[in-house]
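Protein chains in written order, with our numbering: chain L, 4 to 115; chain W, 4 to 115; chain X, 4 to 115; chain A, 41 to 503; chain H, 41 to 503; chain U, 41 to 503. Just so you know, even glycine gets a beta-carbon here, dropped at the ideal spot from N, CA and C.
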Amino acid sequence: MKLVKAVIKPFKLEEVKESLSDIGIEGMTVTEVKGFGRQKGHTEIYRGSEYTVDFLPKVLVEIVVDDADAEKTTEAIVKAAKTGKIGDGKVFVSSVESAIRIRTDETGSEAL
Amino acid sequence: MKLVKAVIKPFKLEEVKESLSDIGIEGMTVTEVKGFGRQKGHTEIYRGSEYTVDFLPKVLVEIVVDDADAEKTTEAIVKAAKTGKIGDGKVFVSSVESAIRIRTDETGSEAL
Amino acid sequence: MKLVKAVIKPFKLEEVKESLSDIGIEGMTVTEVKGFGRQKGHTEIYRGSEYTVDFLPKVLVEIVVDDADAEKTTEAIVKAAKTGKIGDGKVFVSSVESAIRIRTDETGSEAL
Amino acid sequence: MKIKKYLLALLLSSSAFLMTGSLNADMVMSAEAAVASGDELAGDYLALLEAQGEYAYAFDFFTTSMLWTVIAAALVFLMHLGFATLEAGLTQSKNTVNILFKNVFIISIGILSYAVIGFNTHYPGDFNGWVAFGSFIGDLSGPGMDTFDYGGVGLAMTAYGDFIFQAMFAATAATIVSGAVAERVKLGSFMIFATILVAIGYPVVGSWHWGGGWLGTLEGGFYDFAGSSVVHAFGGFAALACVMLLGPRAGKYVDGKVKPILGHSMPLATIGVFLLFLGWFGFNGGSVLSANPAGVGLVFTTTALAACAGAVAAIATSWLFLKKPDLSMALNGILAGLVAITAGADSMGPLASIIVGIIGGVLVVFSIIFFDTIKIDDPVGAISVHGVVGIWGTLAVAFFGGGVFMTQLIGTLSVSAAAFIFSLIVFGILKVTIGVRVSAEEEAEGLDLSEHGQEAYPDFASS
Amino acid sequence: MKIKKYLLALLLSSSAFLMTGSLNADMVMSAEAAVASGDELAGDYLALLEAQGEYAYAFDFFTTSMLWTVIAAALVFLMHLGFATLEAGLTQSKNTVNILFKNVFIISIGILSYAVIGFNTHYPGDFNGWVAFGSFIGDLSGPGMDTFDYGGVGLAMTAYGDFIFQAMFAATAATIVSGAVAERVKLGSFMIFATILVAIGYPVVGSWHWGGGWLGTLEGGFYDFAGSSVVHAFGGFAALACVMLLGPRAGKYVDGKVKPILGHSMPLATIGVFLLFLGWFGFNGGSVLSANPAGVGLVFTTTALAACAGAVAAIATSWLFLKKPDLSMALNGILAGLVAITAGADSMGPLASIIVGIIGGVLVVFSIIFFDTIKIDDPVGAISVHGVVGIWGTLAVAFFGGGVFMTQLIGTLSVSAAAFIFSLIVFGILKVTIGVRVSAEEEAEGLDLSEHGQEAYPDFASS
Amino acid sequence: MKIKKYLLALLLSSSAFLMTGSLNADMVMSAEAAVASGDELAGDYLALLEAQGEYAYAFDFFTTSMLWTVIAAALVFLMHLGFATLEAGLTQSKNTVNILFKNVFIISIGILSYAVIGFNTHYPGDFNGWVAFGSFIGDLSGPGMDTFDYGGVGLAMTAYGDFIFQAMFAATAATIVSGAVAERVKLGSFMIFATILVAIGYPVVGSWHWGGGWLGTLEGGFYDFAGSSVVHAFGGFAALACVMLLGPRAGKYVDGKVKPILGHSMPLATIGVFLLFLGWFGFNGGSVLSANPAGVGLVFTTTALAACAGAVAAIATSWLFLKKPDLSMALNGILAGLVAITAGADSMGPLASIIVGIIGGVLVVFSIIFFDTIKIDDPVGAISVHGVVGIWGTLAVAFFGGGVFMTQLIGTLSVSAAAFIFSLIVFGILKVTIGVRVSAEEEAEGLDLSEHGQEAYPDFASS
Ligand SMILES: Nc1ncnc2c1ncn2[C@@H]1O[C@H](COP(=O)(O)OP(=O)(O)O)[C@@H](O)[C@H]1O
Ligand SMILES: Nc1ncnc2c1ncn2[C@@H]1O[C@H](COP(=O)(O)OP(=O)(O)O)[C@@H](O)[C@H]1O
Ligand SMILES: Nc1ncnc2c1ncn2[C@@H]1O[C@H](COP(=O)(O)OP(=O)(O)O)[C@@H](O)[C@H]1O
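Here is the structure:
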């Protein structure tokens, strides 16, 4: 199994979720995060002092899928999350060794 | 070493933590997340419009353990987090290559 | 590529970020988390009842880097985050198989 | 001699005074002449005075007093926001919508039911001293209701003023209960209970004191100025009965140990307490029932001093005994000082009010700890703050305010017992019929989702 | 006979009365003698009375009434905090700074522009009944402006009192619009629009009713006590025009379905509604324009009963039709009850006010649903609460408060249409010139970052 | 002639007037006869009047004025909630419990210590013009304290009214400091400092102006209506001394650059400023010290206009010079306008108040920037808002309100210097003894955990 971790712009969450539903992904876990990246340099002023807002609000979507589904999952995310503007985010894929559904003790693909 | 990632119901955190303490797990990192899964379909009304609350509050527990402890850790979580109702969550296990305790520079199992 | 996950004390974020910038790390994702570890045992009283605050505020920093950069990344974090006091946190390293930059579809090291 | 009489008439009159029939005709005639001769403003003003009938002499005092009454009513209204935010702050965020909803409902049904039955039950006409159910208020305007003779100096307001000020008080009893049963009570059952409590329980018991009931016949007369007993202890002991029937929140008492369930927002809780403090100036100050400067000044001072003394005492107590300067205890200390002074705010001086507040502030800390040891789970400390300290405040009148101890004791215990038994019966019936507690699952998930399908802070939860 | 005259003088005088020239000289002389003979306090007091000129007889009533006016102004001021928190609570956290900023700006520019042009446009001197632009208020003190003859019993306040009370009202219209256009309006354009609306639109239309304009010439006279039409419907229909020009928020109406965009903080929203309820006691109560006890008592009572009835009705309606006890609907129900009673708060009794509130509470639920079905996206329900229910409240006066139906109908529709057209033109011009809507990107990112470069809850966002 | 005398008596009497001994006996006798003949209400009312002794003639005015005093006191009380929420909002969430706790403590100890020593120090009897320590207030009721002769028209309130209104002011000085030293001050040390400041420093310096001290002997008399200097500049410069001794927060000034530490909740901050604005109507309005309609109307108007002008000016300034419409600057602009008008709110007209507000609003923006460049770290801008603008407001009286420039300058600088030196000494002693700053570690962890062991938003933090 693979863990697909996608950092996206918050307002794209809805589209990403739908795009994943469309390809049959039934589960995911979402976290509010702050992202630091190239999209930095946006200088603000607070009470007269300049500062750089390095950390921008992002959403982290984590999905565990069967190996076979990893690519189309990534594609679906990329398609839905793209605006073409800096700060669109990344998708990282890594390996997961096992999965269990707590409710039923099912394991492996069954658990997803 | 293994990273055990468990998505559980928020009110089960206390029990999961105790169950892990019982088997000697001394560290974990917890995040408030929103989960999307089979437990969906719970339709709500906000100001007259129906909508589906797809994302439900969950808690993500991350624990890095020695390879040998991965299974009992998973078991302890599953036991404590189970209600038998839909939405109980998942446990995912993956590999971790190295760990360092920042305070002491200890590495590997020592660092956990 | 490697995923470097560091749990640190919140007020160290700024220094860690700068220390990473110094070695040329251009991206990271940060999450507010609660940590449970040896730093526990700090007993509080709420409305007359004692309780242990097991979960302390921490910050989780996640950085995906080229294999070659993993070590210096870890070192930079450890150096910046260390106070020598209990609760300084951990750094975990694991493998990442692929990365895509959503905006450009670049993959691999290009995407970081 | 005739001159003397005229002068007496004018002497008593702050504005115009039509005392003797014979004088009447003349004067009004003259006035009408003046008005006819062109001074329109004088005519309008005279019309206002004439509407006061023979009580025109007190018109200005009456106007000022009535103004204070409605402003005080507005301040007491604000206490309901104080209760709502305090309760929300001291509980978990998964129950916040439920708590806010309950508080919106309580103030709404409280005022409505007070109009429908409460007011005339609270202040019954023909009265045996124990119970007399009233009816809808109807039209409270007209002669004798809009003028000084509605209540004279002792109740210097119109009937509508009287109604709205008392209506704001009425819902308080249910609000107190709301805090104690928070995080596990079934919404529907609570709504029924709250309605019965404010529509019937509160006014019936209140009539024993304020409606001219039997408490006034005790030696020296039961003294409870603004309601340490008939509002606060009443609410506190109603809450105790409900909590006993309801049981503690899941996870509060585990293996013989108390596990605190922390509130989710100290700013909300603090906002709540400051608003309650502010509102109490209306609660106590308005209970002077006129704008009598001596009374209002004293009551504001004793109220503020007792609240501040309660806070400092609770801070000191929690720091000494609990090792930490506990904000939630400081907040409860303010409330304890306020509840404590409520019975005697008009009958003691600064020093006494400080002592009464200090004792209230110490008491509340130990009371909260005590109730936890006997497993009475009260998320906001309502039973201690309003119940226990309410009794203390009532008794304090015997020590510092000239009350008779036995009378005060009998009075406060009767009121508390009545609230307790009434609630035990009503909430008990609800318990055996439709149930009073949500399921363990709903409690775990939170009442916001299970009862309302809404989150309090849903920012990214929608789809 | 001379004695009679003297007595009449004193009869009309609540304090001192210097009616006839011949009397004057004598009395003042005598008073001066008394003062000279040492009673300084009496002298100071007499000076106050003398400053009232021939209206000294009404000084105490005038003083109390004026006090009520400024307190009521303070309460109406608080409504702006209510609007700010309600609007912030019912929208997403990424737009919170923007919403708070808009509300700070509106109250500030609202009061300033009311001083610069609004007040004298609202209450014009020489007037054709339709439009008469005013100028800066200048110095409003001095004879005839600080005394009872400024407005007599019907406007018992000084000119400054009149100004400040009305100024607090003025900004309301723009605040109502603010809620409806939230989360996508361009800050600069909104600021321009809001300024023009409160400086010109509101006072011109308001003058038709309160400034002695043409609405008073309709049969029976248009009746709108505190402004269900001239404040609330005005704001509501201005909002409708703006929303139509602006379009819905991205993602609200997708594939023919309504997708709710949830607010981010129900506690903030609830605080807002309680503060609005509180402030409304000043809004309606202060509109009695004196401290007349009969009027103030009635208005407080009807206002509170309608609000509570609105809440209970909205709760019942949402529970029955939408299956859940919806907090946001309960909150809107309170506001609907308040808006509904505003036109007739002084002219109906308790029962009627309850009925008016109930209908308002039911209406607002269906109205909100209706506007969503026609894709009018109003994040806080302002068009329904203020616009639709404002019309209902105005018409209700015909049913329960003695108004003439056709007059009420013409009045409320004229005001609503005027607000709509005025806004359509002004906001329309802004749309085709500098634009009224932020870019899709800015909307997605949130106005806080794009317009202000600030987050509302930035805790760890800085570097 | 006898008639004339009677008439004068009645002329001066708004209600009843018992001027000359000879008249007294007769009239009271007659009145008693009337009461005996059955009119109970008249009797009660007459008793009230009689309690006023020879000042019965002013009873109604006195009653209204006293009512305004206590309501104003309640409004000033609310300012403390405003300060608490503003300060909490503009700082990090890890210090929120600490900030709320400090504010609860300050208001509590402030009112208590004002009773114990402050009031009689502030308004000393036998006085050398510089210092005279007072004692506990004791019982402030009885003849001469509950009646018009307590202060006449110029202080139309009872002694309790005077006390409670001034007590609410007293704590303000410490609250101002609280904001400036937030996020790193040691709780215990701050509590000691705050107590000494409000118990001794504030009333002693205040007595120079309001207690009949030396500032009144300057040419033309120092003019500071409601305390731009003796409250605000006093607090602001006390804050400056403390901040200098305390040093900046860790991470604020790094490598010669200013790194802003963002507040954690703009809604809380905004709520705070609106509540302060509201409370200022009591602060300035109540400082009229009677309900004199002319005075109250003017003060409400100038206060509101200056606040609004300050907001608009700060918005414009920050937009022009800082490129963004900065909410926090808009909020500070409101406060600057309010502080600026405080010295002359009763002595200038609308236009002047707008100018005074605008200058305050511009000034505060540059002042905040200035203090940051010299590394004075003031998280909420208290030194600029209260200190710098407090001086401006005091000087403005010379330009627009008829004050003498040199007198105003000497007065405001003396007060500011006194506050600064007093604080430098007291806080300095604390620094070298028990220390005034938490450890670097505690600061990093946050004061909530290190000082209180409590989190402000602990929702899932417990175990
Ligand atoms: N190396 C990285 N490791 C982890 N997260 C990263 C990394 N680089 C970027 N991110 C995340 O992706 C987000 C977008 O990256 P950024 O460089 O700003 O723009 P883009 O995605 O267009 O290249 C960042 O805000 C951050 O959350
Ligand atoms: N494929 C997945 N990847 C990541 N998280 C998942 C996945 N499937 C489910 N989850 C998480 O587990 C939670 C519970 O899953 P759900 O399907 O609702 O019920 P159950 O655990 O009973 O099967 C979800 O809310 C989500 O947070
Ligand atoms: N085994 C673990 N798995 C995941 N996170 C851990 C683990 N152990 C510790 N942590 C995280 O590291 C933080 C610091 O650990 P702790 O044991 O308190 O101190 P130290 O880092 O000094 O050993 C914890 O609060 C927790 O968030």
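- Counting only Cβ-Cβ distances below 8 Å, Val-67/X has contacts in chain L at Lys-93, Phe-95, in chain order.
- Distances taken from the Cβ of Phe-323/H to the heavy atoms of ligand 2 include none shorter than 8 Å.
- For the pair Val-94/W and Ile-103/L, the CB atoms are nearer than the 9 Å cut-off.
- Under a 10 Å Cβ-count criterion, Ala-71/X is classified as exposed, with fewer than 16 other Cβ atoms of the shown protein chains found around its own Cβ.
- Residue-level contact by beta carbon fails for Lys-364/A and chain W, as no gap is shorter than 9 Å.
- Counted as a single uninterrupted DSSP element, the alpha helix (DSSP H) harbouring Ser-148/H occupies residues 136 to 153.
- Ligand 1 approaches Val-36/L closely enough that one of its heavy atoms is under 8 Å from the residue's Cβ.
- When DSSP states are grouped into helix, strand and coil, Phe-265/U belongs to the coil group.
- Residue-level contact by beta carbon fails for Val-10/L and chain H, as no gap is shorter than 9 Å.
- Secondary structure of Tyr-49/X (DSSP, three-state): strand.
- Straight through space, the alpha carbons of Val-404/U and Ala-279/U are spaced by roughly 16 Å.
- The beta carbons of Ser-387/A and Val-429/A sit about 18 Å from each other, so the pair does not count as a contact at 8 Å.
- Three or more beta-carbon pairs drawn from the stretch 255 to 268 of chain H and the stretch 450 to 468 of chain H are found closer than 8 Å, and the two stretches are therefore classed as touching.
- Under DSSP, Lys-8/W shares a beta bridge with Glu-65/W, Phe-95/W.
- The CB of Asp-417/A never comes closer than 8 Å to any CB in chain X; the least such distance is about 11 Å.
- Going by DSSP, Val-36/W is part of the beta strand (DSSP E) stretching over 31 to 39.
- In this structure Ala-281/H is in contact with Phe-460/H, their Cβ atoms being roughly 5 Å apart against a cut-off of 8 Å.
- By DSSP's assignment, Arg-106/L forms no beta bridge with any residue.
- Ser-22/W has a beta carbon lying at 9 Å or more from every beta carbon in chain X.
- Under the Cβ criterion of 9 Å, Glu-18/L is not counted among the residues facing chain U.
- Inclusion of Leu-237/A and Val-466/A in the CB contact set at 9 Å is warranted, their separation being smaller than that value.
- Membership of Phe-123/U in the alpha helix (DSSP H) is indicated by the continuous run 99 to 129.
- Against chain X, the CB of Ala-73/W has no partner CB under 9 Å away; the residue lies outside that interface.
- Inter-segment contact for the stretch 475 to 492 of chain A and the stretch 286 to 302 of chain H is absent: fewer than three beta-carbon pairs are separated by less than 8 Å.
- Looking from the CA of Tyr-200/U, the closest CA among Asp-186/U, Ala-213/U, Tyr-85/U, Gly-191/U belongs to Asp-186/U.
- For Asp-25/L, the shortest C-beta to heavy atom distance toward ligand 2 is 8 Å or greater.
- Contact check for Asp-366/H against Gln-206/A fails: the beta carbons are separated by 9 Å or more.
- Under a criterion of Cβ atoms nearer than 7 Å, no residue of chain L is adjacent to Val-7/X; the nearest Cβ is some 12 Å distant.
- In this structure, Ala-98/A and Phe-188/A form a Cβ contact; the two beta carbons are roughly 4 Å apart against a cut-off of 8 Å.
- Contact residues of the stretch 92 to 119 of chain H toward chain W are absent (C-beta to C-beta distance below 7 Å).
- When secondary structure is reduced to three states using DSSP, Val-472/A falls in the helix class.
- Close CB contacts of Ala-112/A within its chain, under the 7 Å cut and outside five residues either way in sequence, are with Phe-205, Gly-322, Gly-325, Gly-326 (chain order).
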